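If you read the sequence shown in this note's numbering, its first letter stands for residue 56, the second for the next number, and so on. Don't be surprised by glycine CBs; every beta carbon is placed ideally from N, CA and C. The model shown is predicted, which means the values in this text are computed figures rather than measured ones. Take a look at the structure set out below.
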Amino acid sequence: MPQVNNLIQVQESNQNYGTQSYLLGPQRAAEAGRKTLVLDLDETLVHSSFKPVENADIMLPVEIDGQICTIYVLVRPFVAQFLKQMHKIFELVIFTASLSKYAEPLMQTLDPQKMCSYLLFREHCTFFSNAYVKDLTRLGRPMKDVIIVDNSPTAYLFQPENAMPAVSWYDDPNDTELNRIATLLERLSLEDDVRKVIRTVIQNNKIDPRQEQLYLASSTHRREKSQRADRRTKHSKLTSSNVQAAPDQQPLNIQKMHNKQYPQENQPSIAFGHDLN
Ligand SMILES: [Mg+2]
């Protein structure tokens, strides 16, 4: 198993909100206020097996029962692009029911730039009815701002209204599921409460194609309408500022755009879960 350096255990960075301890620490400063996108690994972003695969994208040596075994990993098409695109608009969290000794080195290869802020493993799942459930209320984020992308309905059993189901992936090189989901997620990132949309667009643990189209069309319409309104407001402010302000004064709205402040970074930006070893 590769050596893991400079990693901070999730439990060390747990925050106490009231009396309850949550799985995630604070958001990175640059991501403060964003919605949280929780991503599953197996059959959502990758497919792994102990059976040798000729075209494996990643080969991971993992110690199991005192023996080093190789895990062959196939990476779903468009994963790199998906992570990069989602990293611009969400706080990213990997939540897998697999063991950290497999998932942690895998993520080092899959996400060398550490776009994902936190990694959560099997020990962070809730064992319920003989299955590992990812209880999103334990994250410590407002539930209206949390979306999980997972191929297994069991994983989001407790909060289906926060789930964007992904079709299970094994090896199809022509799969475009992540692109489809990315389009929906981009729109969801602008919603006040993601659950309101998910309740409509997701039916029986699947994206309903008709509702998906209706939502994308309506949200495009809403976005264009609000952009038009923004342009009208800006134009009228510029016009009135030009009339009322002294020649050396900038209109207020332009000054505001240049003065955007972000909170100071006061916490480590990366935190990983603890190893089972
Ligand atoms: Mg899975």
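Member of the options whose CA lies at the smallest distance from the CA of residue i
i, options, result
"residue 164", "197, 205, 188 and 129", "129"
"residue 235", "83, 77 and 132", "132"
"residue 145", "243, 275, 267 and 290", "243"
"residue 194", "179, 247 and 239", "179"
"residue 157", "88, 252 and 125", "125"
"residue 269", "85, 88, 252 and 80", "252"
"residue 141", "107, 172, 79 and 207", "172"
"residue 109", "117, 159, 127 and 123", "127"
"residue 94", "245, 284 and 189", "189"
"residue 85", "98, 112 and 170", "170"
"residue 232", "87, 162, 98 and 81", "98"
"residue 230", "80, 101 and 76", "101"
"residue 207", "168, 151, 139 and 161", "151"
"residue 76", "192, 238 and 271", "192"
Euclidean distance between Cα positions of residue i and residue j
i, j, result
"residue 203", "residue 96", "11 Å"
"residue 228", "residue 213", "32 Å"
"residue 263", "residue 226", "24 Å"
"residue 257", "residue 267", "8 Å"
"residue 155", "residue 254", "32 Å"
"residue 310", "residue 198", "The predicted model places residue 310 with a pLDDT of 33, which falls under 50 and marks its position as unreliable, so this point remains unresolved."
"residue 8", "residue 240", "Nothing can be reported for residue 8: it is not among the residues displayed for the chain, which extend from 56 to 332."
"residue 135", "residue 217", "23 Å"
"residue 260", "residue 223", "12 Å"
"residue 265", "residue 119", "46 Å"
"residue 187", "residue 153", "9 Å"
"residue 106", "residue 114", "11 Å"
"residue 147", "residue 91", "6 Å"
"residue 78", "residue 220", "22 Å"
"residue 288", "residue 248", "26 Å"
"residue 284", "residue 278", "10 Å"
"residue 89", "residue 149", "16 Å"
"residue 200", "residue 245", "10 Å"
"residue 211", "residue 282", "35 Å"
"residue 103", "residue 286", "49 Å"
"residue 82", "residue 143", "14 Å"
"residue 174", "residue 159", "8 Å"
"residue 215", "residue 205", "11 Å"
"residue 250", "residue 80", "23 Å"
"residue 273", "residue 112", "39 Å"
Range covered by the alpha helix (DSSP H) that runs through residue i
i, result
"residue 134", "134–142"
"residue 162", "155–165"
"residue 233", "232–243"
Secondary structure of residue i, DSSP reduced to three states
i, result
"residue 192", "helix"
"residue 173", "strand"
"residue 222", "coil"
"residue 187", "strand"
"residue 104", "strand"
"residue 151", "coil"
"residue 264", "helix"
"residue 246", "coil"
"residue 285", "helix"
"residue 96", "coil"
"residue 212", "coil"
"residue 115", "strand"
"residue 390", "What is shown of the chain runs 56 to 332, which leaves residue 390 out entirely."
"residue 86", "helix"
"residue 109", "coil"
The beta strand (DSSP E) enclosing residue i, as first and last residue numbers
i, result
"residue 129", "122–130"
"residue 251", "Note, residue 251: premise wrong, no beta strand (DSSP E); alpha helix (DSSP H) at 249–256."
"residue 205", "201–205"
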